[in-house]
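Residue numbers (our numbering), protein chains in the order written: chain A, 10 to 180; chain B, 10 to 180; chain C, 10 to 180.
Contents: one structure, followed by commentary.
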Amino acid sequence: MSVTLVLGGARSGKSAFAQAAAEIVAKARGATPVMIVTAQAFDTEMEERIARHQVDRGDAWTTLEAPMDLVAALRGLPPGAVAVVDCLTLWLTNLMLAECDLSSAATRLVDAIVEFDGELWLVSNEVGWGVVPDNALARRFRDEAGRLHQALARAADAVHLVAAGLSLRMK
Amino acid sequence: MSVTLVLGGARSGKSAFAQAAAEIVAKARGATPVMIVTAQAFDTEMEERIARHQVDRGDAWTTLEAPMDLVAALRGLPPGAVAVVDCLTLWLTNLMLAECDLSSAATRLVDAIVEFDGELWLVSNEVGWGVVPDNALARRFRDEAGRLHQALARAADAVHLVAAGLSLRMK
Amino acid sequence: MSVTLVLGGARSGKSAFAQAAAEIVAKARGATPVMIVTAQAFDTEMEERIARHQVDRGDAWTTLEAPMDLVAALRGLPPGAVAVVDCLTLWLTNLMLAECDLSSAATRLVDAIVEFDGELWLVSNEVGWGVVPDNALARRFRDEAGRLHQALARAADAVHLVAAGLSLRMK
């Protein structure tokens, strides 16, 4: 049983990398992979993005929506499940907008991942490689995302950094 | 004959990396390397940047300007040419400002690269590692740049990620 | 005697990486490691950030503040010192706000590093991997940061790129 963190920039191919890896493992086990989607459609742009992702995946996947309670979604999966969470930066955005306690949410997610009995890929955006953002909320967001990535990387069995559809294994 | 994609952040040394590699190959062949510039000077800041790049290169290079029709520039080169395209993110910007069909332009560029009979380095900026930009045009731009990089990386023989003048080979 | 450049995004764990490395070397030598802090607290947000960093370090470190004159701070250390500079992007920001000549400051810093008689880690933020910033000052800042990183990487014995608390050795 293993957990893989897949990091990368926007449109880096990180989701496709995680999906391809999960599909190979799921096929070998005769299992149906589970896509745990954290996106919430607040506007047309986001609706189109979610719909495009679903079309890209096809019918071979089961889809769960978990914009906030990712821990419950992970704990609800049967032993030996093959799952992808896409993506953690949107989950973090949802928690921030709902004014949740991000530190305790991160701790609970790490606990759920350590206990996870299956094969799990966690997809998340690198967001801290640009100039310091103008507004305080964006600065706080990238701080929280960075801390979350560090905590997850410590707990994960493998960490990949993806650019242009290619991965660098960092752990 | 080979195609190398050179990715990196702003001022990462990616252009210098591509130029140095092309100069070595050109020298070995007794050829004059060709710099295909995609920049368009809309303002003084950009004019100065283009001029500084030309001074940095010296007289050992032939320079072609191809802000839009990169495919024609590549097809116009003689067999065995040694060339650098610098850079694809500016080319993409030019196409977006001219409201071109980016998807078909990317497809045609990939086709031209696959057919290219020579040694080619393609320089492009990573732009998707920061927080989500405020404006929709910037978000669309980084999506298109990410897709283009993935398509080019699939077609390229080698892909390098450059930071602080140092390269990580990803393919 | 060696100099290591540690690059990474915001909250990537680059400071912790440099500190952990310095602590190991300092312990082996029976030396007290020196933290050279470049941050200046202009507001509450920055004060809290500096205070959190100091708490994270504990009492095992000596702290020097050098928001501007980093060269004097480095030259003032005794031979064989074990030191971390955190971070160079803040130092660059301080110089820009004070309208210093950045090019000559960078040259003098590189000279001081080459002459440094001890073990030194230089921490700096990658800032050029996002979309082009809206304002000219931010664009100039990322150009200067990129140039500085290239110059330091040439002079350094080792260069690490850190993401999610994990490092990729680039040199």
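Even glycine gets a Cβ: it sits at the ideal position worked out from N, Cα and C.
Residue 144/A sits in coil when the DSSP states are folded into three classes, being neither helix nor strand. Residue 131/C carries a strand assignment under DSSP once its states are collapsed to helix, strand and coil. One Cα belongs to residue 153/B, the other to residue 103/A, and the distance between them is close to 25 Å. CA-to-CA, the gap between residue 89/C and residue 39/C works out to about 11 Å.
Here residue 51/B is exposed: its Cβ has fewer than 16 other Cβ atoms, across all protein chains shown, within 10 Å. When the beta-carbon positions are compared, residue 97/C and residue 133/C come within less than 9 Å of each other. Here residue 80/C is not near residue 27/C, since their CB atoms are 9 Å or more apart. Residue pairing of residue 74/B in beta bridges, as defined by DSSP: 46/B. With fewer than three CB-CB distances shorter than 8 Å, the region 61-72 of chain C does not count as touching the region 111-129 of chain C. Counting only residues of its own chain and dropping the five nearest sequence neighbours on each side, residue 84/B has a CB closer than 7 Å to the CB of 121. Looking at the DSSP output, residue 12/A bridges to 129/A. Closest by C-alpha distance to residue 43/B, out of 67/B, 22/B, 179/B and 56/B, is 67/B. Look at residue 154/A: its C-beta is under 9 Å from a C-beta on chain C.
In the structure shown, the three-state DSSP call for residue 40/C is coil. Look at residue 178/B here: in three-state DSSP terms it is strand.
Between the region 11-27 of chain C and the region 148-168 of chain C there are three or more inter-stretch CB-CB distances shorter than 8 Å, so the stretches are counted as touching. Note on geometry: alpha-carbon atoms of residue 141/C and residue 99/B lie some 11 Å from one another. Around the CB of residue 21/C, 16 or more other CB atoms lie within 10 Å, so the residue is classed as buried. Bridge partners of residue 95/A according to DSSP: 46/A and 132/A. For residue 71/A, the closest of 78/A, 168/A and 82/A by C-alpha to C-alpha distance is 82/A.
By a beta-carbon distance limit of 8 Å, residue 107/C does not contact residue 45/C. Their separation comes to about 18 Å. Look at residue 19/A here: in three-state DSSP terms it is coil, with no helix or strand label. In this chain, residue 86/B is not harboured by any beta strand (DSSP E), its DSSP state being neither H nor E. With respect to the 9 Å criterion, residue 47/C and residue 30/C are not classified as neighbours on the basis of their beta carbons. Interface residue (Cβ-Cβ distance to chain A less than 9 Å): residue 173/B is not classified as such. Residue state for residue 167/A is assigned as strand, using DSSP reduced to three classes. Annotated three-state conformation of residue 31/A is helix, per DSSP. Put simply, the CB of residue 70/C is far from chain A, with every gap to its CB atoms at 9 Å or more. Note that the C-beta distance between residue 130/C and residue 136/B is not below 9 Å. A check of alpha carbon separations from residue 53/A across 25/B, 35/B, 167/B and 145/B identifies 145/B as the nearest. By the Cβ-count criterion, residue 151/A is buried, with 16 or more other Cβ atoms from all chains shown falling within 10 Å of its own Cβ. The C-alpha of residue 18/C is placed about 16 Å away from the C-alpha of residue 101/C. Here the alpha carbons of residue 73/C and residue 58/B stand approximately 38 Å from one another. Straight across, the Cα-Cα distance linking residue 55/A with residue 179/C is about 37 Å. If the five residues before and after residue 49/A are omitted, its C-beta is found closer than 8 Å to the C-beta atoms of 55, 76, 99 and 103, all from its own chain and listed in chain order. Residue pairing by DSSP puts residue 172/B in a beta bridge opposite 175/B.
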